[in-house]
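There are 2 protein chains.
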Amino acid sequence: MSGWLRILGLGPGNPAWITPETTALLAEATDVIGYAPYLARLRLRLGQIAHGSDNRVEIDRARLALAMAAAGQRVAVVSGGDPGIFAMAAAVFEALEAGPLAWRAIDIAVHPGVSAMQAAAARLGAPLGHDFCVISLSDNLKPWTILEKRLDAVAAGDFVLALYNPASKARPDRLHQAFARLRTLKARETPVAFARAIGRADESLFITTLAEADAARADMATLVLIGSSETRWIATPGGGWLYTPRTYGAGR
Amino acid sequence: MSGWLRILGLGPGNPAWITPETTALLAEATDVIGYAPYLARLRLRLGQIAHGSDNRVEIDRARLALAMAAAGQRVAVVSGGDPGIFAMAAAVFEALEAGPLAWRAIDIAVHPGVSAMQAAAARLGAPLGHDFCVISLSDNLKPWTILEKRLDAVAAGDFVLALYNPASKARPDRLHQAFARLRTLKARETPVAFARAIGRADESLFITTLAEADAARADMATLVLIGSSETRWIATPGGGWLYTPRTYGAGR
Chain Z
1 MSGWLRILGL GPGNPAWITP ETTALLAEAT DVIGYAPYLA RLRLRLGQIA HGSDNRVEID
61 RARLALAMAA AGQRVAVVSG GDPGIFAMAA AVFEALEAGP LAWRAIDIAV HPGVSAMQAA
121 AARLGAPLGH DFCVISLSDN LKPWTILEKR LDAVAAGDFV LALYNPASKA RPDRLHQAFA
181 RLRTLKARET PVAFARAIGR ADESLFITTL AEADAARADM ATLVLIGSSE TRWIATPGGG
241 WLYTPRTYGA GR
Chain F
1001 MSGWLRILGL GPGNPAWITP ETTALLAEAT DVIGYAPYLA RLRLRLGQIA HGSDNRVEID
1061 RARLALAMAA AGQRVAVVSG GDPGIFAMAA AVFEALEAGP LAWRAIDIAV HPGVSAMQAA
1121 AARLGAPLGH DFCVISLSDN LKPWTILEKR LDAVAAGDFV LALYNPASKA RPDRLHQAFA
1181 RLRTLKARET PVAFARAIGR ADESLFITTL AEADAARADM ATLVLIGSSE TRWIATPGGG
1241 WLYTPRTYGA GR
């Protein structure tokens, strides 16, 4: 079988964050599959076919990609950010595992990209400079009990926390519940950053404390970062920097 | 002051993973500062000055970078991977906070890159497809008690875990201790992957179980990934894929 499947990430929005590897593979593809607004960012060449879809049908998109690759097409599946972090790579492997055995012979590769938390961290300073955890709030099937267990664990371990997909139409209260839970476990003055659409023309940053953090500030384009007990603020004439030192307890 | 400081990451080794933004900023710098083997990867142009150093003097390197930028140079500080994840960005902000107030007026920016866990995850499949934590074992000042607390939290939250810097001359037993601790908390058959030098010519992958994982297999170029209870293996004719489904409990 001559087809292949490449699972790619376009980064968080700034085209200068797309790796040269990803750009080269996109040019070789016969078919490009992804959430329609991501495909709109690309300049496809004549003859390439774009298969845009809604954001809620990841598994259908993954099946279509595998079926086309099995039929001999050169297929690129694109996500925003890194395809391996809350994105299409896991959906493709779910579809592969559940699909016909013949699909397991498909030439598949995943290629890394810049994820939203990295862009947000860069703009803020270095909040991910020490141990951290990463949680998505968008999993509609994830029971609140497991989320609660994970938030408790993040607080018990005094990790920095990056929250993906903090707001969704299906579960609008999750971030509000998460802040409420963390307020019972972490200091009121813990820094909280709302990083919205970083790398796009309308990017914005808002930094506050856990005590003051308002879940209504987040939408689906927002990454929320919550500090550890070590995360610090340096005021500068131009604003300031949020960072977590490399060594635990060094600031005390 | 006309100087500036750009904090950049070269990715985990494959030059095709360096973002175009980082390549452009490197070309504009008058001075490039970093751990000598990272600088050796770059083709500097005539007139650019490379300031190579040992890996253990990050804070000296950060101070030098700030002093040169304050003196009007255009300075690029380079790390492997992403500069914000266990790399130079935090060191620069530590030096900035402790340094002369005049340094706070320096034009500083951090730029994201691909980190080692993302390259490792891509080669393996999609192990970071759901909630995960990231811990560095290299912090010589981090007491074992905090590390133990964090490993316990990772297990209690049933997170996937990425371990950076699993082996060091200063603390050779840390990974051994970490595996021993996790064996008391997680299932014996939990997948463990050793991803070494991914993106370089000598890259290698080794996948085993927590019961069988041997800390001696890791060196400073290795990223260790430990699954959650959800992380699964799909066997294929070419080997297989390790992935964590997007929804918690979906595989049961």
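In the order they appear, the protein sequences are chains Z and F.
This note's numbering puts the first residue of the first sequence at 1, with every later residue one more than the last.
This note's numbering puts the first residue of the second sequence at 1001, with every later residue one more than the last.
No residue lacks a Cβ here, since even glycine has one placed at the ideal position from N, Cα and C.
In the region 1016-1092 of chain F, which residue ranges form an unbroken beta strand (DSSP E) of at least 3 residues, counting only runs that do not cross its ends?
Runs found: 1031-1035, 1049-1053 and 1074-1079.
Please classify Ser-1002/F as buried or exposed, where buried requires at least 16 neighbouring CB atoms within 10 angstroms.
exposed
What would DSSP say about Arg-1183/F, mapped onto helix, strand or coil?
helix
Restricting to Cα atoms, I'd like to know which of Val-110/Z, Pro-12/Z, Pro-37/Z and Arg-232/Z is closest to Glu-189/Z.
Arg-232/Z
Taking Asp-1173/F as the query, report the chain Z residues whose CB atoms sit under 8 Å from its CB, ordered along the chain.
For Asp-1173/F, no chain Z residue has a C-beta closer than 8 Å to its own C-beta; the minimum C-beta separation is roughly 18 Å.
Show which residues of chain Z have a CB atom less than 8 Å away from the CB atom of His-1111/F.
Ala-122
Name the chain Z residues that come within less than 7 Å of Ser-1136/F, Cβ to Cβ?
Asp-131
Please classify Gly-1157/F: is it buried, with 16 or more other beta-carbons within 10 angstroms of its beta-carbon, or exposed?
buried
Looking at the unbroken beta strand (DSSP E) that takes in Trp-233/Z, where does it start and where does it end?
232-236 is the span of the beta strand (DSSP E), which, as asked, contains Trp-233/Z.
Quick one: Cα of Asp-1202/F to Cα of Val-32/Z, how far?
31 Å
Sorted by chain position, which residues of the same chain lie with C-beta nearer than 8 Å to Ala-89/Z's C-beta, five sequence neighbours on each side aside?
If we look at Ala-89/Z and ignore the five residues flanking it on each side, its Cβ neighbours are Ile-7, Ser-79, Pro-83 and Val-110.
For Gly-1003/F, which residues in chain Z fall below 8 Å Cβ to Cβ?
The premise fails here: Gly-1003/F is roughly 15 Å from chain Z at the closest Cβ pair, so nothing lies under 8 Å.
In terms of DSSP beta bridges, what is Trp-1004/F paired with?
Arg-1074/F and Asp-1107/F
From the beta carbon of Ala-89/Z, is the nearest beta carbon of chain F less than 8 Å away?
yes
What in chain F is Cβ-close to Arg-150/Z, meaning under 8 Å?
The answer, in chain order, is Asp-1131, Gly-1157, Asp-1158 and Phe-1159.
Within its chain, find whatever has a CB closer than 7 Å to the CB of Leu-1151/F; leave out the 5 residues flanking it on each side and keep chain order.
Ala-1178, Arg-1181 and Leu-1182
Who are the Cβ neighbours of Ala-1162/F in its own chain at under 6 Å, not counting the five residues just before and after it?
Met-1117, Val-1134 and Leu-1225
Could you have a look at Ala-195/Z and say whether DSSP puts it in helix, strand or coil?
strand
Whose CA, out of Arg-246/Z, Pro-166/Z, Val-92/Z and Asp-60/Z, lies closest to the CA of Trp-4/Z?
Val-92/Z
Tell me which same chain residues have a C-beta within less than 7 Å of the C-beta of Ala-1050/F, skipping the five on either side of it?
Val-1032, Leu-1039 and Leu-1044
Buried or exposed, going by whether 16 or more other CB atoms sit within 10 Å of the CB of Arg-1252/F?
Low confidence applies here, because Arg-1252/F scores a pLDDT of 46, under 50, leaving its location unreliable; read the following figure in that light. Counting Cβ neighbours within 10 Å, Arg-1252/F comes out exposed, since fewer than 16 surround it.
Quick one: grab the DSSP three-state call for Ala-1102/F.
helix
Could you name the residues of the same chain whose beta carbon sits closer than 8 Å to that of Ile-59/Z, not counting the 5 residues immediately before and after it, in chain order?
Ala-91, Glu-94 and Ala-95
Tell me the rounded alpha-carbon separation between Asp-214/Z and Phe-194/Z.
10 Å
Thinking C-beta only, is Ile-1106/F closer than 8 Å to Leu-1137/F?
no
Any C-beta of chain A sitting closer than 8 Å to the C-beta of Pro-1166/F?
Considering every chain present, this structure includes no chain A. Its protein chains are Z and F.
Quick one: what does DSSP say Leu-1137/F is sitting in, helix, strand or coil?
coil
Considering only C-alpha positions, which residue in the set Ile-1234/F, Asp-1173/F and Gly-1009/F is nearest to Pro-954/F?
This structure cannot settle anything about residue 954/F, because the visible part of chain F is limited to 1001 through 1252.
Suppose you measure from the CA of Gly-72/Z to the CA of Ser-1228/F; what does that come to, to the nearest Å?
35 Å
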